[in-house]
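>
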Amino acid sequence: LYFSSSCSASPVSSQSGIVGGKTAKPHSRPYMVSLQVQGHHRCGGILIRNDFVLTSAHCKTEQDLTVVLGAHNIKKQEKSQQRIPVEKYHQHPKYKGQFLYDIMLLKLKTNATLNKYVKTVGLPKKNGKIPANIKCYAAGWGQTGPNKPGSDVLKEVMVKLQFDQECSHKWQNYFSSDQMMCVHSDKRKEGICQGDSGGPLLCRKMPQGISAYTKASGCDDTKYPHVFMKINFFSQWIKNVMQG
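Counted from 1, the sequence shown has number 166 at position 166 by UniProt numbering; the numbering is strictly sequential.
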């Protein structure tokens, strides 16, 4: 998913993992989901109801995804894990395989069993404003750097929300301030990399974004903020799909 343009950087749908950062305390984020294809991690996601996962639209593949809940180390068969097939893929109807509307809901074949390892997470209000420069966290199992393998254990990194103008200046036509937000890390070589799209951006303990894209040629390039889809922009669509 590379797109060339006159813009100074080419983004790639992030499938973002965590560069730098730290290993999350096991099961401290019980809403985190590993979306897997034949046992291999493809994307992250969040459990928003016992039968629905929110993730990125570009995570859909020709092969079926399996939702893995209650995981910390995705290479191990942990007793806390639940593996549930997807019954239905709800990509946003306006998603055209590029950057806009890159969001998807997965309806699970069976309901997740909620316990201390598997919990749902609430979503932000439709018109809630998030101030720039607040500290947020991104979490995932994806690549730990450019051309590096994914992490077996859940990692998290602290990032700061950027002003929309900064995001637009760097990403130009790729960035929509209505649908997107972007973040950067104060530390060099820290942030989000490929291997975990669909993973959440959590600000004040509330998921505000779903990981969308980063710089194709170097996900640890701090000059280019990492982009997330704004969950609150899609509130009504999410509600409609879940109400069936």
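C-beta atoms are modelled at their ideal positions from N, C-alpha and C, and glycine is treated no differently.
As the structure is a prediction and not an experimental result, all values here were calculated from the model.
With distance defined between alpha-carbon atoms, name the residue in Pro26, Gly44, Gln208 nearest to Asn127.
The shortest C-alpha separation from Asn127 is found at Gln208.
> Would you kindly work out how many angstroms separate the C-alpha atoms of Lys160 and Ile48, rounded to a whole number?
Their backbone Cα atoms lie some 24 Å apart in a straight line.
> Straight-line CA distance for Phe228 to Ile210?
If I take the Cα positions, the gap works out to 5 Å.
> Buried or exposed for Arg29, going by 16 or more other Cβ atoms inside 10 Å?
Arg29 is buried by the Cβ-count criterion.
> So is Ile134 buried or exposed if we call it buried at 16+ other beta carbons inside 10 Å?
So Ile134 counts as exposed.
> Along the chain, where does the beta strand (DSSP E) that runs through Ile46 open and close?
Here the beta strand (DSSP E) through Ile46 covers 40-49.
> Quick check on this structure: which residue in Thr110, His226, Leu35, Leu201 has the alpha carbon closest to the alpha carbon of Ala138?
Per the Cα distances, Leu201.
> Cα separation between Ile238 and Leu105?
Approximately 8 Å between the Cα atoms of the pair.
> What three-state label does DSSP hand His90 in the structure shown?
DSSP places His90 in strand when its eight states are reduced to three.
> Once the 5 residues before and after His92 are set aside, which same chain residues still bring their CB inside 8 Å of it?
Result list for His92: Ala57, Tyr101, Asp102, Ile103, Met104, Phe234, Trp237, in chain order.
> Does the Cβ-Cβ distance between Gln38 and Gln63 come in under 9 Å?
For Gln38 and Gln63, yes; Cβs fall inside 9 Å.
> Are the Cβ atoms of Thr55 and Leu69 separated by less than 9 Å?
It is not a contact, given that the beta carbons lie outside the stated cut-off.
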